[in-house]
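Notes to accompany the following structure.
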Amino acid sequence: MNPMMLAARAGLARGVVEVRHTLTNFQDLWNYLFPNLIFLCVMFFMRGASVPGTDFSLGARNLPSLLGGGVAFGAMVTMMMTLTIEREDGTLLRAKAIPHGMVGYLIGKVIQVAGMTAVSSVILVVPGVFLVDGLAPAGPVTWLTLAGVVLLGLVACLPIGAVLGSLFDNPRNVGVIMLPIMGLVGTSGIFYPINGFPVWLQWIGQVFPIYWLGLGTRSALLPDELAAVEIGGSWRHLETFAVLGAWAVVGLLVAPMVLRRMARRESGSSVAARKEKAMQRTT
1 MNPMMLAARA GLARGVVEVR HTLTNFQDLW NYLFPNLIFL CVMFFMRGAS VPGTDFSLGA
61 RNLPSLLGGG VAFGAMVTMM MTLTIEREDG TLLRAKAIPH GMVGYLIGKV IQVAGMTAVS
121 SVILVVPGVF LVDGLAPAGP VTWLTLAGVV LLGLVACLPI GAVLGSLFDN PRNVGVIMLP
181 IMGLVGTSGI FYPINGFPVW LQWIGQVFPI YWLGLGTRSA LLPDELAAVE IGGSWRHLET
241 FAVLGAWAVV GLLVAPMVLR RMARRESGSS VAARKEKAMQ RTT
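Just so you know, the UniProt record's numbering puts 56 at position 56 of the sequence shown, and the rest follows in order with no gaps.
See the structure below:
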């Protein structure tokens, strides 16, 4: 078999194993449950609030928004953290030493992060639909739209996380970028309709994929009349797929170049130096 195909198959198998491992590890299970429990509590207490200009529950409106925002945040942050940690502990260097090892490594990371995001989404959505009323999944078109938005959103956001992860060789430094990402989530209409923000903030939110993922998931799961509270008074399906597609294309072009450059700089001495610094910090 082609060596590249063997590496791809190994990466796929590794990704599946790593996702399965997260389901048996207490810390990973807590990371799945804790943020989603917070989101579910927020939606519960928002049941009495209404979307401005309507009598529709703000909690029900936020469920699909949180699904889209969670996909974006999980894809970017999990990929960023994973790359940074495995760069420090030498996993990336070991992958580089194997023929086509980087191909298998990246495929494994994509499968792992996508699988973890899917598990987290299920934990949020399944109890959420029983907690709030008003969701309107109307049939196959709804689910196809939802699947298309989520898959395209993952492809758009995973390369961003990979590029961000390549910028740091110390996991303790990634907090520098966490606050801006959380700020983007907050200003992308995930928790509150974006047209209630200043116009300049609306434009910033629309530049990034987080807003469009939230809009796409809302378009699939909310009644059509809720489109009236969105920018332009519509779900803007064409713009959603266009912006997410643009981010996906740019990411798939830029991320491999950045990661190849990062891998070329990895060596046994650089990994040893990082480990020594880490040991000094703990003593």
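For every residue, glycine included, the Cβ atom is placed at its ideal position computed from N, Cα and C.
Original post:
Using the beta-carbon count (16 or more within 10 Å), is N36 buried or exposed?
Top reply: Counted from its first residue, the sequence shown places residue 36 at position 36. The residue in question, N36, is buried, as its Cβ has 16 or more Cβ neighbours within 10 Å.
Subject >> Alpha-carbon spacing of V163 relative to D55, whole angstroms >> reply: Numbered from its first residue, the sequence shown carries residue 163 at position 163. Numbered from its first residue, the sequence shown carries residue 55 at position 55. When rounded, the separation of the alpha-carbon atoms in V163 and D55 is 42 angstroms.
**OP:** Report the three-state DSSP secondary structure of S121 (helix, strand or coil).
**Re:** Residue mapping note: residue 121 aligns to position 121 of the sequence shown, counting from 1. Shown here, S121 sits in a helix according to DSSP, grouped into three states.
Subject >> Spatially closest choice to F73 from F241, F26, G161, by CA coordinates >> reply: By 1-based counting over the sequence shown, the position of residue 73 is 73. The option with the nearest alpha carbon to F73 is G161.
**OP:** Figure out for me which residue from L40, T117, G59, G153 has the closest Cα to the Cα of G48.
**Re:** Locating residue 48 in the sequence shown gives position 48, counting from the first residue. The residue with the shortest Cα to Cα distance from G48 is G59.
Original post:
Are T240 and S65 touching if we call contact CB-CB under 8 angstroms?
Top reply: Taking the first residue of the sequence shown as position 1, residue 240 is located at position 240. Taking the first residue of the sequence shown as position 1, residue 65 is located at position 65. No Cβ-Cβ contact shorter than 8 angstroms links T240 with S65.
Original post:
Can you tell me whether DSSP reads S65 as helix, strand or coil?
Top reply: As a working note, residue 65 is residue 65 in the sequence shown. DSSP places S65 in helix when its eight states are reduced to three.
**OP:** Indicate the three-state DSSP secondary structure (helix, strand or coil) for S166 in the structure shown.
**Re:** The residue you call residue 166 lines up with position 166 of the sequence shown. Collapsing the DSSP output to three states places S166 in a helix.
**OP:** Can you grab the Cα-Cα spacing for the pair M80 / S166, in whole Å?
**Re:** Here residue 80 is taken as the residue at index 80 of the sequence shown, counted from 1. Here residue 166 is taken as the residue at index 166 of the sequence shown, counted from 1. Taking the Cα positions, M80 is about 8 angstroms away from S166.
Original post:
Excluding five sequence neighbours on each side, which residues of the same chain lie with their C-beta closer than 6 angstroms to the C-beta of L146?
Top reply: Stepping through the sequence shown from its first residue, residue 146 is reached at position 146. Beyond the five residues adjoining it in sequence on each side, L146 comes within less than 6 angstroms, by CB distance, of A220 in the same chain, given in chain order.
Original post:
Which one or two residues does DSSP pair with S50 in a beta bridge?
Top reply: Locating residue 50 in the sequence shown gives position 50, counting from the first residue. Under DSSP, S50 takes part in a beta bridge, and its partners are S57.
Original post:
Whose C-alpha, out of H100, W203, I85, E230, is nearest the C-alpha of P171?
Top reply: The residue you call residue 171 lines up with position 171 of the sequence shown. Sorting H100, W203, I85, E230 by C-alpha distance to the C-alpha of P171 places I85 at the top.
Original post:
Are the CB atoms of L40 and G128 nearer to each other than 8 angstroms?
Top reply: Residue numbering aside, residue 40 sits at position 40 when the sequence shown is read from its first letter. Residue numbering aside, residue 128 sits at position 128 when the sequence shown is read from its first letter. Contact flag set, yes.
Subject >> Opening and closing residue of the alpha helix (DSSP H) in which T24 lies >> reply: In the sequence shown, the residue the question calls residue 24 occupies position 24. Where T24 is concerned, there is no enclosing alpha helix (DSSP H), given that its DSSP letter is neither H nor E.
Original post:
Which of helix, strand or coil does DSSP assign to residue 284?
Top reply: No answer is possible for residue 284: it lies beyond the span of the chain, which begins at 1 and ends at 283.
Original post:
Counting along the chain, where does the alpha helix (DSSP H) carrying L92 start and finish?
Top reply: On the sequence shown, position 92 is the one that residue 92 refers to. Secondary structure note for L92: its alpha helix (DSSP H) is the uninterrupted segment 91 to 96.
Original post:
If you run the structure through DSSP and keep just helix, strand and coil, what is E225?
Top reply: In the sequence shown, residue 225 corresponds to position 225, counting from 1. The three-state reading of DSSP puts E225 in helix, counting H, G and I together.
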